[in-house]
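What follows is a set of notes on a single structure, which appears directly below.
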Amino acid sequence: MAVKKAAQVQQEPGIVEKGKKFFRNVLAELKKVHWPNRPQLIAYTGVVLGAVVLVSALIWLMDSVLSGLLSLII
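Each residue of the sequence shown is one higher than the one before, starting from 0 at the first, in numbering that gives the first Met the number 0.
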């Protein structure tokens with residue numbers, strides 16, 4: 000009976016084996032990623048920078064308006 004129990008219990012993989020498996024899976028997933036080419040990357044960067052400038056301007060405008068209103072109230 001003890002022999003069967005020992006055979007049924009499998010040893011838990013160690014931290015090194017878990018690390019190897021993790022990095023193998025990471026590399027497998029990175030191979031599936033669609034990487035943009037240079038023109039796409041430049042276009043996407045321009046869109047992001049434009050959006051950041053637009054949102055920053057909106058926040059500055061709202062801050063200025065609300066600060067002006069608050070100064071009139073106080």
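Glycine included, each C-beta is placed from N, C-alpha and C at the ideal position.
Nonlocal neighbours in the same chain, by C-beta distance under 7 Å from A50, ignoring five residues either side = One-based indexing of the sequence shown puts residue 50 at position 51. The answer is none, since no qualifying residue turns up.
For this session: With DSSP as the reference, label P38 as helix, strand or coil.
Result: Position 39 of the sequence shown holds residue 38. Here P38 sits in helix by DSSP.
Can you tell me which of the three DSSP states I14 falls into?
-> Position 15 of the sequence shown, counted from the first residue, corresponds to residue 14. I14 sits in a helix when the DSSP states are folded into three classes.
Mapping DSSP to helix, strand and coil, what is I72?
Along the sequence shown, read from residue 1 onward, the residue named residue 72 stands at position 73. Of the three classes helix, strand and coil, the one that applies to I72 here is helix, per DSSP.
### Task
Please report how far the alpha carbon of S55 lies from the alpha carbon of P38, in whole angstroms.
Here residue 55 refers to the residue found at position 56 when the sequence shown is read from its first residue. Here residue 38 refers to the residue found at position 39 when the sequence shown is read from its first residue. Going by C-alpha positions, S55 is about 26 Å away from P38.
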